[in-house]
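Asker:
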Ligand code: ADP
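Residue numbers (the UniProt record's numbering): 1 to 347.
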């Protein structure tokens with residue numbers, strides 16, 4: 001199997017009503033992993049369904065490996081697209097064992113090759129000894145890996161994952177995610193993952209496409225969308241943010257936290273975006289703040305602060321062992337570069 005890139009151009013689709021996908025364009029490099037990240041109802045699953053060939057867009061084009069699969073005239077059938085699809089619930093057949101599930105739907109000649117089942121199970125990090133188990137004898141994470149093995153059995157050039165880890169608990173989720181990434185990398189499959197979980201998107205993908213209301217607000221590397229969000233909305237969706245009004249002149253913005261260095265030059269009224277991990281707490285001198293509350297999480301703690309002499313509320317993420325106590329007076333600084341957005345004019 002050779003890796004195939006995906007090109008989606010100007011795709012528009014609605015379920016009879018207003019567009020659910022509104023002129024969406026996206027490129028996924030051959031062998032790349034893209035996460036489509038957005039809130040519930042933003043159109044992520046619909047985009048996967050269009051890629052898989054389950055819906056006919058009203059406008060636009062989908063190409064995989066240079067082959068047009070969808071355009072104004074053409075709608076290649078789902079089974080002819082060379083695409084594997086893994087859903088949220090795995091959707092295994094309850095009456096078939098693991099082997100039956102993995103081989104289901106393969107051409108008859110290939111179904112006899114039960115020997116490949118062991119190799120596929122190992123590929124997804126499962127013991128071949130599970131081959132005769134039924135789905136109800138497997139954990140949720142094991143079921144998801146079997147679903148992935150079933151998708152990979154057909155040697156697809158492209159694998160689509162629709163929130164495949166969301167029903168798993170935290171520990172299982174990380175392990176299943178890693179096993180999935182390893183299996184996909186070994187096969188060289190080009191992958192599109194749909195998720196509403198920003199941690200999942202940032203850790204899984206080499207490209208993150210942030211979707212709101214059927215449009216991509218930003219497409220970039222995980223660090224680009226986190227550190228340099230295109231809009232305050234993207235910034236807030238990817239993690240906690242504080243937005244402080246300020247005045248920018250070049251590489252500096254003046255705000256309640258003093259003069260902060262800007263990553264990109266700006267001029268005039270801005271909103272300065274600060275993430276909690278950028279707020280550093282120190283011995284009180286210069287700028288000070290009163291600790292309002294502390295949420296302790298073990299490795300880190302979220303500290304809510306009232307900035308002295310202002311109405312500004314801050315949140316700092318600090319190592320758990322360094323967490324101050326409610327009522328403490330602390331010094332605050334933001335030594336790293338920050339981003340800014342043009343301040344919307346108010347009448
Ligand atoms: P997401 O995957 O981001 O949660 P979806 O693609 O499932 O979003 O849904 C996008 C929008 O399309 C939602 O407003 C949803 O209600 C609507 N929608 C999804 N499936 C259908 C359908 N089969 N018929 C009508 N509307 C649908």
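Quick reminder that beta carbons are idealized off the backbone N, C-alpha and C, glycines included.
Go ahead and pull the three-state DSSP assignment for residue 138.
Answerer: coil
Asker: To which residues of the same chain is residue 106 closer than 8 Å at the C-beta, ignoring the five residues directly before and after it?
Answerer: 153, 154
Asker: Consider the Cβ of residue 139: report whether some Cβ of chain D lies at a distance smaller than 9 Å.
Answerer: Here chain D cannot be found, since the structure has a single protein chain.
Asker: Please state whether DSSP places residue 116 in a helix, a strand or coil.
Answerer: helix
Asker: Fully enclosed by the segment 239 to 273, which beta strand (DSSP E) runs are 3 residues long or longer?
Answerer: The qualifying runs are 242 to 255.
Asker: Measure the CB-CB distance between residue 235 and residue 313 and report whether it falls below 9 Å.
Answerer: no
Asker: Under a Cβ-count criterion, where at least 16 other Cβ atoms within 10 Å of its own Cβ denotes burial, should residue 329 be classed as buried or exposed?
Answerer: exposed
Asker: Examine the Cβ distances between the segment 279 to 293 and the segment 320 to 335 and report whether three or more of them are shorter than 8 Å.
Answerer: yes
Asker: If I follow the unbroken alpha helix (DSSP H) through residue 103, where does it start and stop?
Answerer: 98 to 103
Asker: Output needed for residue 40: all residues of its chain with C-beta closer than 8 Å, excluding positions within five of it in sequence on either side, in chain order.
Answerer: 196
Asker: So for residue 153, helix, strand or coil by DSSP?
Answerer: helix
Asker: If you scan the segment 185 to 228 from start to end, which runs of the beta strand (DSSP E) of 3 or more residues do you find wholly inside it?
Answerer: 190 to 195, 207 to 212, 215 to 220
Asker: Compute the Euclidean distance between the alpha carbons of residue 128 and residue 94, then round it to the nearest angstrom.
Answerer: 19 Å
Asker: Taking the continuous beta strand (DSSP E) assigned at residue 47, which residues delimit it?
Answerer: Segment 44 to 52 is the alpha helix (DSSP H) holding residue 47; no beta strand (DSSP E) there.
Asker: Under a Cβ-count criterion, where at least 16 other Cβ atoms within 10 Å of its own Cβ denotes burial, should residue 104 be classed as buried or exposed?
Answerer: exposed
Asker: If you draw a straight line from the C-alpha of residue 183 to the C-alpha of residue 18, how long is it?
Answerer: One alpha carbon belongs to residue 183, the other to residue 18, and they sit about 38 Å apart.
Asker: Please confirm if the segment 209 to 227 is in contact with the segment 62 to 76, defined as three or more CB-CB distances below 8 Å between the two stretches.
Answerer: no
Asker: Hey, out of 87, 337, 286, 26, whose CA is closest to residue 250's CA?
Answerer: 337
Asker: To the nearest angstrom, how far is it from the Cα of residue 70 to the Cα of residue 31?
Answerer: So the two alpha carbons sit approximately 21 Å from each other.
Asker: Anything with a beta carbon under 6 Å from a heavy atom of the ligand ADP counts; list them all in chain order.
Answerer: 15, 20, 38, 40, 41, 42, 43, 44, 45, 46
Asker: Do residue 252 and residue 261 come within 9 Å of each other at the CB atom, strictly closer than that value?
Answerer: yes
Asker: Assign residue 60 to one of three DSSP states: helix, strand, or coil.
Answerer: strand
Asker: So what does residue 282 bridge to, in DSSP terms?
Answerer: 331
Asker: How many Å lie between residue 24 and residue 217 at the Cα?
Answerer: 10 Å
Asker: As a quick exercise: from 206, 255, 231, 215, pick the residue whose alpha carbon is nearest that of residue 221.
Answerer: 206
Asker: Quick one: residues in its chain with C-beta nearer than 6 Å to the C-beta of residue 191, no 5 flanking neighbours on either side, listed in chain order?
Answerer: 33, 159, 184
Asker: CA-CA distance, residue 7 and residue 304?
Answerer: Taking the straight line from one Cα to the other gives about 44 Å.
Asker: Since residue 304 is in the beta strand (DSSP E), which residue starts that stretch and which ends it?
Answerer: 300 to 307
Asker: Which of the three DSSP states, helix, strand or coil, is assigned to residue 324?
Answerer: coil
Asker: Is the Cβ-Cβ distance between residue 164 and residue 268 less than 9 Å?
Answerer: no
Asker: Would residue 77 be called buried (16 or more neighbouring beta carbons within 10 Å of its own) or exposed?
Answerer: Residue 77 comes out exposed.
Asker: Using beta-carbon positions only, say whether residue 83 and residue 51 come within less than 9 Å of one another.
Answerer: yes
Asker: Can you pull the DSSP bridge partners for residue 84?
Answerer: In the DSSP assignment, residue 84 forms a beta bridge with 159.
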